[in-house]
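Participant: Here it is, the structure, as structure tokens.
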Amino acid sequence: MRQLKGQSAMEYLMTYGWAILIIIIVVAVLFSLGVFNPSTYTQTTATGLSGFRVPAGGWQLSSGGTLTMQVENGVGATIDIQGTGVRIGSTAGSINHTWGSEVRLGPGQTVTLNLTGLGSRTSGTAYSADINITYENVDTGLPGFISTGTLTGTVT
């Protein structure tokens, strides 16, 4: 009698042991294919930034920590961009350009901004960057407008 119980228990353990082994192998294969990597499914999106237009694919975050983005003036008036800021997680960056302290844009004009100081990043990882642009309406002389938005994508 005891031998039959032992044999039954051993068959039970072997059956479930093989099932667990197969599940482990399948999960390992899925991990190696990148199925569980969120950057595989990250799309490039630009939201917010009212008064500005960021063209589709008009930004890129390098592994060196520089966010390059194109911005088009959609305010409908001439503006001076007085400052920009970017934050990815707890890391903040700032504008780096060579044409003075302000960038003047007429209606519909486009400028490329390089935002630096974001630290080194791993190529292929997903990111979400919070952007703010401070500008003055030159036509009316009103300062202190702030436009905020978010850019998402994958580090190149």
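Numbering of the sequence shown is given in the numbering used here, commencing with residue 78 and proceeding in unit increments.
No residue lacks a Cβ here, since even glycine has one placed at the ideal position from N, Cα and C.
Note that the coordinates shown come from a computational prediction; the quantities given were computed from them, not determined experimentally.
Return the chain-ordered list of same chain residues with a C-beta closer than 7 Å to the C-beta of Gly151, the five sequence neighbours on each side being excluded.
Facilitator: So the list reads Gly128, Phe129, Arg130, once near-sequence residues are dropped.
Participant: Pop quiz: Gly226 and Gly125 are said to be a contact at Cβ under 8 Å. What is the actual Cβ separation, rounded to whole angstroms?
Facilitator: Gly226 to Gly125, Cβ: 3 Å. Contact.
Participant: Report all residues from its chain with a CB closer than 6 Å to the CB of Thr211; omit the five preceding and five following residues, and keep chain order.
Facilitator: Once the five neighbours on either side are set aside, the close Cβ partners of Thr211 are Gln159, Gly160, Ile223.
Participant: Can you check DSSP and say which residues form a bridge with Tyr89?
Facilitator: Tyr89 is not bridged to any residue.
Participant: Roughly how many angstroms separate the alpha carbons of Glu88 and Leu98, rounded to a whole number?
Facilitator: Cα-Cα distance, rounded: 15 Å.
Participant: Pull up the DSSP beta-bridge partners for Asp157, would you.
Facilitator: DSSP lists Arg181, Glu213 as partners of Asp157.
Participant: On a Cα-Cα basis, can you pick out the residue from Glu149, Ser167, Ala206 that is closest to Thr122?
Facilitator: Comparing Cα-Cα distances from Thr122 to each of Glu149, Ser167, Ala206, the minimum goes to Ala206.
Participant: Rounded to a whole number of angstroms, what is the C-alpha to C-alpha distance between Thr187 and Val148?
Facilitator: Cα to Cα, the separation comes out at about 5 Å.
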